[in-house]
Amino acid sequence: MAEVKILGKKDRHNSIKNMFKVPRHLAHLRHRRSIVAPPISIPENQRTPFPKTVGKVVVSDRIQGSRFHLFGKGVDEDPKGIFRINEYTGEVSVTKALDRELIPSYQLQVETTDESGKTIEGPVELEIVIIDQNDNRPIFKEGPYVGHVLEGSPTGTIVMNMLAFDADDPTTDNAVLRYNILKQTPDKPSPNMFYIDPERGDIVTVVSPALLDRETLIAPQYELLVEAKDMAGLDVGLTGTATATIVIDDKNDHPPEFTKKEFQATVKEGVTGIMVNLTVNDKDDPNTGAWKAVYTIINGNPAQSFEIHTNPNTNEGMLSVVKPLDCEILAFHTLMIKVENEDPLIPDVGYGASSTATVQIIVLDVNEGPVFQPDPMKVSTQENIPIGSMLFTVSATDPDTLQHQTIRFSMLKDDAGWLSINPVNGTVNTTAPLDRESSFVHNSTYTSLILAIDNGTPPATGTGTLQIMLEDVNDNAPYIYPTSAKVCEDSKDVITLGAWDKDLHPNSDPFRFELGRQSMSDKSWKLTQLNSTHAQVSLLQNLKKANYNIPVVVTDSGKPPLSYSTDVTIQVCSCKKGKQDCSSADAPHVSIAVVLMFTLYSLFCKFLV
């Protein structure tokens, strides 16, 4: 809210003048930008003494007693203390040598204050620019420099690019670079195999394609000493050097060639593996696709008995037998092998006659073991046949048809000791009863091994398998399980009995369960058949705590049937609140009939006396 004062006539003029009068300490606001701070340029790398006056700040309408103040990075901020200003004269000075490559310019602030430190005007920006000097050599930063060029490349092919870096001001000649090749090693077949573009740094070939033949060069690579000079290449410019390595890459202009037209190999029949290594020459760069060989069998391998692979270390072709050969079928083999490179040949080069070779293979005869026919040999018979029974007659043939050899037989494996074999005619007889339920029999089959031996030098052997399938007979009575139980005095169903038979059906189940004759006078027990393999023992009346032996008979379904009798022990206990008390049931129970018989016998004895 504004306040308006009404004054008298005499004071009206002065009052209006005083109303718009600006206080003296704000008088500088009438002048805009009275501080003049022109940019200052300072050469880098100045020498002592310091400080040096480098410029001056002036005020066009300076108030008496005002002072200059300078602040910013380089004064009161890091890096501190580089610049300062005379607070009375406005002269700006530098305190040390500067490096343009570290800080190319400084943006400072200057202001004026009164004697009390109160700002009169400012801040105003003061820029200090560092003038570049050519104090940095060109540097090649991206090394090592390695370039590749394919042999036979056209003249002017760009191989690589080399660029150097100069830390000086890029807007001046201090950082304008020119490139030059100082030295080439080796200097054959021409000392000027390559040229570098002085401005771009591109290295190109300058010789004819015929001179870039890798196979005729002294070495497959060249080293160039490259120079970069600033000041646009003037003599006063600073220089830096680096080495460029140029590799002459191989192309597939030489096919592989076998070292001879025919190779020989011998191999024993029946064996596999490498039998011969085929060698080739290739003038191209080793361990490249233009040098690595690929071998192929193109003829003589209808049964695929042979394979050939490249040795990665020697480049040789490793010819192998992968299916055993048989001298009696074919004693000589002739293979045709061709060799190529992994990489295709260049268009004007082809594979010649030297890229194929013949391999003559001789198969050596060895004494081969007799072969059983058939194998395995199978025969079926009942178990428990009489000792000495003839089971089977084995036969074996000798693959060595060119040799007339005899064969003898012997048992190699007969774990149960049940068999014998006639060494001449091969008849197999039993020497003990054959038991289908024996631990040596698996799935009703007894397996033995028979050896056939020829009379070669040295003798050779063959092995045959004889499998005897044993037919079951009813020679095992069934078993009862379990044979004991604990029950409460008031229990009805006492125990469930099961039966098991080593024999197979129909010589096993269904089983028939019966109580033994000794229990017929005791009417406390009942035996109920549940199914073909189980029966239930039940109590017909409550019994006192005691151990009771119940004779039980189980009979299988064989012809003739076999029976098994055993006592099943029932321990009758008193049971209260779900707990069994069997402490007084250890004594065996004596039936009433037995007690009565004992009493009558005693009276009879007294009567005789």
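Here the numbering used here = 1-based position in the sequence shown + 1.
Don't be surprised by glycine CBs; every beta carbon is placed ideally from N, CA and C.
Environment of residue i [buried if 16+ CB atoms lie within 10 Å]
i: M391; result: exposed
i: P139; result: buried
i: T431; result: buried
i: L86; result: The sequence as given places Ile at residue 86; Leu does not occur at that position. Its Cβ being crowded by 16 or more others within 10 Å, I86 is buried.
i: Y482; result: exposed
i: L235; result: exposed
i: E200; result: exposed
i: R437; result: buried
i: L471; result: buried
i: H255; result: buried
i: K78; result: The question names Lys, but residue 78 in the sequence shown is Glu. E78 should be labelled exposed.
i: I330; result: exposed
i: L655; result: Since the first and last residues shown for the chain are 2 and 610, residue 655 lies out of range.
i: Y89; result: exposed
i: I219; result: exposed
i: G144; result: exposed
i: V58; result: buried
Same chain, Cβ closer than 8 angstroms to residue i, five either side skipped, listed in chain order
i: G148; result: V160, M161, I204, A245, T246, I247, V248
i: D286; result: R215, P221, D250, D251, W292
i: T359; result: K262, E263, F264, T335, L336, M337, I338
i: I309; result: L279, Y296, T297, I298, G318, M319, L320, S321, I338
i: T273; result: S321, V322, V323, K324, P325
i: S411; result: I422, P424, I451, L452, I454
i: M276; result: A266, T267, V268, L320, S321, V322, I362
i: I83; result: G75, V76, V95, T96, K97, L99, Y107
i: T311; result: K293, A294, V295, Y296, E317, G318, M319
i: S533; result: D510, P511, F512
i: H443; result: none
i: N475; result: D504, N508, D557, G559, K560, P561, P562, L563
i: G351; result: P256
Through-space distance from residue j to residue i, alpha-carbon basis
i: K527; j: A486; result: 15 angstroms
i: G73; j: G123; result: 13 angstroms
i: T315; j: L279; result: 10 angstroms
i: V495; j: C574; result: 12 angstroms
i: G290; j: N46; result: 58 angstroms
i: P303; j: N282; result: 29 angstroms
i: A243; j: T186; result: 14 angstroms
i: A168; j: V227; result: 19 angstroms
i: T54; j: Y223; result: 56 angstroms
i: V553; j: Y565; result: 8 angstroms
i: G56; j: V93; result: 5 angstroms
i: V372; j: D473; result: 32 angstroms
i: N300; j: P348; result: 27 angstroms
i: L44; j: F51; result: Before going further, note that residue 44 is Pro rather than Leu in the sequence given. Distance between the alpha carbons of P44 and F51 is about 14 angstroms.
i: D399; j: K379; result: 21 angstroms
i: G271; j: P210; result: 56 angstroms
i: K546; j: T484; result: 18 angstroms
i: P313; j: Q404; result: 43 angstroms
i: T240; j: P171; result: 16 angstroms
i: H506; j: P387; result: 23 angstroms
i: C576; j: E490; result: 7 angstroms
Closest Cα partner of residue i within the set the options
i: W419; options: S411, S396, G389; result: G389
i: G427; options: V150, G75, L450, D436; result: L450
i: Q530; options: G517, G499, R518, Q542; result: G499
i: F69; options: P80, T49, G91, R63; result: G91
i: E384; options: L435, Q374, T402; result: L435
i: N137; options: V130, T156, T113, N175; result: N175
i: L563; options: L505, K577, Q572, N477; result: N477
i: T382; options: E258, F166, I469, R48; result: I469
i: A354; options: V340, R518, K493, Q374; result: V340
i: I129; options: P155, L71, S117, L183; result: L71
i: P39; options: L127, P257, T114; result: L127
Cutoff 7 angstroms; reference residue i; Cβ partners in own chain excluding five residues on either side
i: T267; result: I363, L365
i: W501; result: P479, Y480, Y482
i: G202; result: N162, M163, L164, Y180
i: S525; result: L540, L541, Q542, L544
Residue i beta carbon near the ligand MN (any heavy atom closer than 8 angstroms)
i: M470; result: Annotation note on the ligand MN: not contained in the displayed structure, which lists no ligands.
Own chain partners of residue i with C-beta closer than 6 angstroms, once the 5 adjacent residues on each side are dropped
i: D416; result: F441
i: S61; result: S35
i: R409; result: P424, I454
i: V208; result: S191, M194
i: T394; result: G427, T428
i: L151; result: D250, K252
Proximity test, Cβ basis, 9 angstroms: residue i and chain B
i: F69; result: In the structure shown, chain B cannot be found, because there is only a single protein chain.
Exercise for review: Check whether the stretch 189-208 touches the stretch 103-110, counting contact only when three or more Cβ pairs, one atom from each stretch, lie closer than 8 angstroms.
Suggested key: Not touching, per the Cβ criterion.
Practice item. Examine the Cβ distances between the stretch 538-558 and the stretch 510-518 and report whether three or more of them are shorter than 8 angstroms. Key: Yes: the two stretches touch, three or more of their Cβ pairs being nearer than 8 angstroms.
Check your understanding: Would you call the stretch 451-458 and the stretch 530-549 in contact, with 3 or more CB pairs under 8 angstroms?
Key -> Because the criterion of three Cβ pairs below 8 angstroms is not met, the stretch 451-458 and the stretch 530-549 do not touch.
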